[in-house]
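Report on one structure; see the data block that follows.
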Ligand code: NAD
């Protein structure tokens, strides 16, 4: 499989003819190559986007909306193909990609295709001075969208769809680890009638192609999802260039379980919030705090449930947990298990590499539950981003709030309780951009999405992201 850049509506080789090998996580084999793009490729993509901008930004909203809805439908029509590609590239079970990743990619285009028709600006009458102000919301121009490997097409389109809806042209880069569905998106956009040059997709390493997008003096905004360290680097580059930035970064989310919760619903959802997508979702609740009266019961029930999860080849429909995304990532996650052990953590289940028969070099790992007696250990403070959770009892609301808020991250939190007043108190006091009560990852695309502290700056979703991708300009008219 040879993946190419998608520039001005055409698939092209990288100018320098340099390539990166692409690995299949399920068996550890190389199955293709992708462009190792450089500044030169980014420049060609930028020029294509810049040329397309005058026409795209002047295209009536209804027409832009129609094209976005076409893209949504074309993704839907290619569900099977895209899901299989996503799984091959990322290691996630095909059934998960079919149920979550690809439908959501389609929904992203559908949602913003509709949302843009409802997006409006404000006007302010300045009473007593015979003046009226109105605010234009103009597209920014050419914008950069950079996404990670964990939910490849889902997150790539979560940025691209609103950027295009708002009338911008895009230079986008998916993760070099999972380029395949982004590659396929080019053809889908052509089929759906997106004009040439409106979306340009450049593949390659972050420090080369990604850095070139961020450094480009005329790319006006950067929408980035990825690791916190990368986010800091991007911010350091983009801030002196006065670019708009939206940074969606790492998380270390608490899952706080009170004894009065609906136990069965809690435990079902906690299995999901711990290990969906091999625990590689920025929203996974990787620190589980359980109120002491139900701690022992939870511990034995939860571990029994986790031990039943089936790890295996992503094509197998009976599998719950597929492969981790890369060898490096698997090693990083296993290192954290050792770190936890050295810090006194007790491995209740998992903790090891798992060999799937016939796919011995695949990057599999058993889902791992670690009991810790202090929230201060590294396994409880640093983002592991794999199938590893810690569990720990707590006694009071104040105590659990303090330990929940003590980490550097603040993306999401989950609270399980049937006490309404406590729900209100906790939701107000918790340091995170998103709070789920008695549920997890229930998404409504109209809501603001993003984190606080080291989890990021800015909000995606709904009108928030349409505001990000437009520049407000106030016009004051005296009459
Ligand atoms: P990463 O930061 O390594 O890479 C993300 C993207 O940035 C990739 O496309 C990469 O090539 C690019 N990149 C790397 N260096 C760059 C640079 N200097 N300039 C420009 N681009 C650069 O992250 P990852 O390992 O792909 O993804 C995992 C991380 O993403 C985790 O920390 C996870 O929590 C986070 N994440 C956050 C959210 C969210 O919504 N907050 C969602 C998903 C994942």
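Residue numbers (the numbering used here): 25 to 503.
From the three backbone atoms N, C-alpha and C, an ideal C-beta is built for every residue, glycine too.
No experiment lies behind these values; they were computed from the predicted model shown.
Taking just the CA atoms, how far does residue j sit from residue i?
i           : j           : result
residue 258 : residue 198 : 15 Å
residue 313 : residue 395 : 10 Å
residue 405 : residue 236 : 32 Å
residue 84  : residue 484 : 24 Å
residue 410 : residue 402 : 14 Å
residue 275 : residue 151 : 47 Å
residue 427 : residue 481 : 23 Å
residue 348 : residue 302 : 7 Å
residue 130 : residue 91  : 13 Å
residue 355 : residue 87  : 48 Å
residue 526 : residue 143 : A question about residue 526 goes unanswered here, because the residues of the chain that appear run from 25 up to 503.
residue 122 : residue 343 : 14 Å
residue 242 : residue 166 : 7 Å
residue 269 : residue 263 : 8 Å
residue 188 : residue 56  : 30 Å
residue 442 : residue 284 : 6 Å
residue 467 : residue 154 : 45 Å
residue 33  : residue 66  : 15 Å
residue 190 : residue 60  : 30 Å
residue 393 : residue 340 : 24 Å
residue 477 : residue 260 : 16 Å
residue 357 : residue 157 : 55 Å
residue 145 : residue 139 : 13 Å
residue 300 : residue 114 : 13 Å
residue 458 : residue 128 : 19 Å
residue 486 : residue 456 : 18 Å
residue 192 : residue 82  : 10 Å
residue 433 : residue 251 : 11 Å
residue 170 : residue 244 : 14 Å
residue 46  : residue 201 : 7 Å
residue 346 : residue 75  : 43 Å
residue 390 : residue 377 : 6 Å
residue 490 : residue 141 : 11 Å
Given a threshold of 16 other Cβ atoms within 10 Å of its Cβ, counted over all protein chains shown, does residue i qualify as buried or as exposed?
i           : result
residue 148 : exposed
residue 78  : exposed
residue 379 : exposed
residue 452 : exposed
residue 448 : exposed
residue 419 : exposed
residue 70  : buried
residue 463 : exposed
residue 96  : buried
residue 444 : exposed
residue 370 : exposed
residue 328 : exposed
residue 231 : exposed
Which residues share a DSSP beta bridge with residue i?
i           : result
residue 29  : 36
residue 436 : 458
residue 501 : 156
residue 414 : 311, 394
residue 388 : 378
residue 245 : 167, 268
residue 477 : 433
residue 223 : 194
residue 146 : According to DSSP, residue 146 bridges with nothing at all.
residue 373 : 393
residue 496 : 161
residue 383 : 380
residue 484 : 473
Measure the Cβ-Cβ separation of residue i and residue j and say whether it is below 8 Å.
i           : j           : result
residue 184 : residue 223 : yes
residue 324 : residue 308 : no
residue 281 : residue 290 : yes
residue 408 : residue 479 : no
residue 255 : residue 271 : yes
residue 39  : residue 228 : no
residue 413 : residue 439 : no
residue 173 : residue 132 : no
residue 386 : residue 107 : no
residue 226 : residue 194 : no
residue 168 : residue 238 : yes
residue 159 : residue 497 : yes
residue 58  : residue 31  : no
residue 177 : residue 125 : yes
residue 68  : residue 338 : no
residue 436 : residue 277 : yes
residue 212 : residue 99  : yes
Does residue i come within less than 8 Å of chain B when only Cβ atoms are used?
i           : result
residue 209 : Among the chains of the structure shown, chain B does not appear; only one protein chain is present.
- Any alpha helix (DSSP H) of 4 or more consecutive residues that is wholly inside the segment 278-356: 287-299, 319-331
- Message: Quick check on the DSSP output: what are the complete beta strand (DSSP E) runs of length 3 or more inside the segment 153-215, in order along the chain?
- Response: 155-163, 166-170, 193-197
- Message: As an exercise, report each continuous beta strand (DSSP E) stretch of at least 3 residues that is fully enclosed by the segment 39-66, in chain order.
- Response: 43-48, 53-59
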